[in-house]
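Structure, as structure tokens:
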Amino acid sequence: MSNLKALFRPLTFGPITLKNRIFMSPMTRNRSVPTNVPNGINTEYYRQRAEGGAGLIITEGVLITQQGSEWQNAPGIWSQDQIRGWKKVTDAVHEQGGVIFAQLWHLGRVNHPDAPEQIASGQPVYAPSPIAARGGKFRFLPGQPGYVTPTAIDDPRTLLAHWKQAAINAKESGFDGVEIHGANGYLVHQFLDSTSNHRTDEWGRSVQNRARFALEVVKTAVDVWGAERVGIKLNPAGGNNDIGMPIQETLDTFRYLISELDKLGIAYVTLMRYVEAFDTTGRGTKHDVIDAYSSLLKNPATRVFGNASFTGEEAARYVEDGKVDGVFFGIPWIANPDLAQRLEKGVALERNIDFATLYGRGGLEADEKKGPPTPRKVVLGEAWARRLVLYHGDLPNNLETISIFHTLKGYNPFFLLPQSRYIDPWIRKEESTVKPYNFVLETVPFPTRDDIQTICEYTGEPFSSLVQKTGGFATHSLDGFLDQFCREPERTKLPFMVDHMQKEVIFSGTRIAQWVHQEILAAGKREAESLERLRVALHKALRVGSAEKLQQEVNFREKKWEEVYKPYDQLRKARLKMTEEKRKRNQELAAFTVRSVGRR
5 MSNLKALFRP
15 LTFGPITLKN
25 RIFMSPMTRN
35 RSVPTNVPNG
45 INTEYYRQRA
55 EGGAGLIITE
65 GVLITQQGSE
75 WQNAPGIWSQ
85 DQIRGWKKVT
95 DAVHEQGGVI
105 FAQLWHLGRV
115 NHPDAPEQIA
125 SGQPVYAPSP
135 IAARGGKFRF
145 LPGQPGYVTP
155 TAIDDPRTLL
165 AHWKQAAINA
175 KESGFDGVEI
185 HGANGYLVHQ
195 FLDSTSNHRT
205 DEWGRSVQNR
215 ARFALEVVKT
225 AVDVWGAERV
235 GIKLNPAGGN
245 NDIGMPIQET
255 LDTFRYLISE
265 LDKLGIAYVT
275 LMRYVEAFDT
285 TGRGTKHDVI
295 DAYSSLLKNP
305 ATRVFGNASF
315 TGEEAARYVE
325 DGKVDGVFFG
335 IPWIANPDLA
345 QRLEKGVALE
355 RNIDFATLYG
365 RGGLEADEKK
375 GPPTPRKVVL
385 GEAWARRLVL
395 YHGDLPNNLE
405 TISIFHTLKG
415 YNPFFLLPQS
425 RYIDPWIRKE
435 ESTVKPYNFV
445 LETVPFPTRD
455 DIQTICEYTG
465 EPFSSLVQKT
475 GGFATHSLDG
485 FLDQFCREPE
495 RTKLPFMVDH
505 MQKEVIFSGT
515 RIAQWVHQEI
525 LAAGKREAES
535 LERLRVALHK
545 ALRVGSAEKL
555 QQEVNFREKK
565 WEEVYKPYDQ
575 LRKARLKMTE
585 EKRKRNQELA
595 AFTVRSVGRR
């Protein structure tokens, strides 16, 4: 810790004293289902980080109204249910001695009019000007469309009422303050940026006019909370969501805005550094954000915080040199809920983060807790004819299932669940709109096109007809799919079925293969001679059900094997033998031809 001492000095702003200067940055996790209500997972997630020593926690972006976000399971704060959900979160954080602010969020033009929440709002997608952002991918909508051309808001003042109500609701929820999300190409940032704001009225054109909306939003929150409990996050370098101006215009805009914020004496301004990964359209303006703007904050009541890609040593140096008063860390908090304690004790950080689980997957993932990863769902791409979901592992409060239903709305997925204990009233309600589930996991490898051809010969069913039933065949696929994972774990991050499917393969829980492989080794099943033995090992490794239920399933499979799969397997082996014999004949013919030519 010797070189990190600066991070462990207490910090005071207004009535709030923080125990250290290691903060948790807002990170969208997309887990608040259903109806954008914070739940038990959210509560435990923030409680863990408070217990782990975070000096200040800023929540993930909190939707201030119903909006058609790409993150359709992001939490909101417009309803009483949501307020009650957040109260459980804030109580849990306060019990650990933590401090937590709500980040108030409006996405503006990067909403989608066809998203269920946007439709429910009865409002169009609003923005400063009718200029579409490039990019975007609404995966839960048919066709996975991108961003649309928004509707220019006639009078931006009408939106301020939403911010005010959200600030009031945050107070009722027990937060210690609020942060205005003014970064990353969302609504406040869209007003600031000349590429997204082409207005010619008092809200556009000049630097002062483009900054007006941001300042009015901050003042609205100050009216509710007082300046000492309001902060704002800014990203002058832009890039995210197709935002960014030429360097001089960027400097002029943010120097003016930050100088005006300084006059308000708010609690803090967070300056986010340029992140190349966010700059997907190349519109960002790379420059030293902290050096360019931090000195403009002269009001002793206002703190300067840094954000984006800091190491512990770099953060301590910035604090020691007086460039910032504290530093936000993001991704490291995911795999290290005790990040601050680790930095203090000099304990190495867990860096093997499962990025596939960051948005809405896995509940309290194992990458947030000690111990081996919990098996999670495997989501395959569009397998020939339909969307398919293979689901394995724990479903705390069934939130994962709900999330997937929403994500795949408009498709006809199959859900493979190990046991019917995962059925709950919510699924019962949905049975009228979603086709029946398949609870029995069969023991056949994932079908290649050759397999389907063989099955056609065995069943006499036309190939074209069978292809349309791929989902049905895939219901027999999980063990074979995991078998490939176990035998070739290094390929778990690759779309290794592209040759067979002609489509991308997508899956989460990229460490599941290695972990299952280890479990099989421990069970003495590394060289399983049959799929049946492998299945038993896998199901034991995945901790599916009781011994009695497992035996029932084994008995069922043995019967199924004798009646169905054994004849199929024999036919498949015969086909492979014929193929091998044909290959040998071709080799012999080629060799004979060469010898014949040589004798001429």
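In the numbering used here, the protein residues as written are 5 to 604. For each residue, glycine too, the CB sits at the ideal point set by N, CA and C. The structure presented is a predicted model; accordingly, all values stated were derived computationally and were not measured.
**OP:** Take every Cβ of the stretch 82 to 93, pair it with every Cβ of the stretch 172 to 179, and state whether three or more of those distances are shorter than 8 Å.
**Re:** yes
**OP:** Inspect the beta-carbon positions of residue 221 and residue 192 and report whether they are closer than 8 Å.
**Re:** yes
**OP:** Compare the C-alpha of residue 39 against each of 153, 50 and 77 and name the closest.
**Re:** Checking every option, the nearest Cα to that of residue 39 belongs to 77.
Original post:
Is it buried or exposed for residue 154, if we count other Cβ within 10 angstroms and need 16 for buried?
Top reply: buried
Subject >> Spatially closest choice to residue 180 from 225, 210, 142 and 151, by CA coordinates >> reply: 225
**OP:** Determine the DSSP secondary structure at residue 192, reduced to helix, strand or coil.
**Re:** Secondary structure of residue 192 (DSSP, three-state): helix.
**OP:** Report the three-state DSSP secondary structure of residue 124 (helix, strand or coil).
**Re:** helix
**OP:** For the alpha helix (DSSP H) holding residue 44, just list the boundary residues, first then last.
**Re:** Its alpha helix (DSSP H) spans residues 44 to 55.
Subject >> Three-way DSSP call (helix, strand, coil) for residue 151 in this model >> reply: coil
**OP:** Give the range of the beta strand (DSSP E) segment to which residue 278 is assigned.
**Re:** Segment: none, residue 278 is in no beta strand (DSSP E) and carries neither H nor E.
Subject >> Distance, residue 144 Cα to residue 292 Cα >> reply: 37 Å
**OP:** Pair every Cβ in the stretch 236 to 249 with every Cβ in the stretch 203 to 212, then say whether three or more of these pairs are closer than 8 Å.
**Re:** no
**OP:** Note down the Cα distance separating residue 96 from residue 104, rounded to an integer number of angstroms.
**Re:** 10 Å
Original post:
Around the Cβ of residue 355, are there at least 16 other Cβ atoms within 10 angstroms (buried) or fewer (exposed)?
Top reply: Label assigned to residue 355: exposed.
Original post:
Do three or more CB pairs link the stretch 266 to 278 to the stretch 302 to 318 at distances below 8 Å?
Top reply: A contact between stretches requires three or more CB pairs, one per stretch, nearer than 8 Å, and the stretch 266 to 278 meets this requirement with the stretch 302 to 318.
**OP:** Compute the distance between the beta-carbons of residue 260 and residue 211, then report whether it is under 8 Å.
**Re:** yes
**OP:** If I'm right that residue 262 touches residue 301 with Cβ under 8 Å, what's the distance once you round it to whole angstroms?
**Re:** Contact holds; Cβ gap of about 6 Å.
Subject >> residue 101 and residue 342 closer than 8 Å at C-beta >> reply: no
Original post:
Quick one: what's residue 23 bridged to in DSSP?
Top reply: None, per the DSSP bridge assignment.
**OP:** State the start and end residues of the unbroken beta strand (DSSP E) segment that holds residue 307.
**Re:** Here the beta strand (DSSP E) through residue 307 covers 307 to 311.
**OP:** Starting from residue 104, follow the beta strand (DSSP E) in both directions and report where the run begins and ends.
**Re:** 104 to 109
Original post:
Contact between the stretch 323 to 337 and the stretch 58 to 67: three or more CB pairs below 8 Å?
Top reply: Cβ pair count under 8 Å is three or more, so yes.
Original post:
With contact counted as at least three CB pairs below 8 Å, one residue from each stretch, are the stretch 243 to 257 and the stretch 126 to 141 in contact?
Top reply: yes
Original post:
What is the DSSP secondary structure of residue 170, counted as helix, strand or coil?
Top reply: helix
Original post:
Whose C-beta lies closer than 8 Å to the C-beta of residue 22 among residues of the same chain, with five residues either side of it excluded?
Top reply: 14, 15, 16, 59, 60, 103 and 330
**OP:** Classify residue 354 as helix, strand or coil using the three-state DSSP reduction.
**Re:** coil
Subject >> Close Cβ partners of residue 28 (< 6 Å) along its chain, the five nearest in sequence each way excluded >> reply: For residue 28, where only same-chain residues beyond five positions count, the Cβ hits under 6 Å are 53, 58, 61 and 337.
Subject >> Uninterrupted alpha helix (DSSP H) stretches inside the stretch 314 to 350 (no shorter than 4 residues) >> reply: 316 to 324, 336 to 339 and 343 to 349
Original post:
For the stretch 175 to 250, which segments carrying the beta strand (DSSP E) assignment without a break, of at least 3 residues, lie completely within its bounds, in sequence order?
Top reply: 181 to 186 and 234 to 238
Subject >> Bridge-paired residues (DSSP) for residue 66 >> reply: 108
Original post:
Which value, in whole angstroms, describes the spacing of the CA atoms of residue 413 and residue 117?
Top reply: Any reading at residue 413 needs caution, since the residue's pLDDT is 35, under 50, leaving its predicted position unreliable; the model's value is listed next. Using only the alpha carbons, I get a separation of about 15 Å.
**OP:** Just the C-alpha distance for residue 163 and residue 257, rounded to the nearest angstrom, thanks.
**Re:** 22 Å
Original post:
Based on Cα-Cα distance, which residue from 125, 10 and 268 lies nearest to residue 67?
Top reply: 125
Subject >> Identified DSSP bridge partners for residue 156 >> reply: 131
**OP:** Out of 134, 279 and 18, state which residue places its alpha-carbon closest to the alpha-carbon of residue 158.
**Re:** 134
Subject >> Simplified DSSP state of residue 17, which is helix, strand or coil >> reply: Residue state for residue 17 is assigned as strand, using DSSP reduced to three classes.
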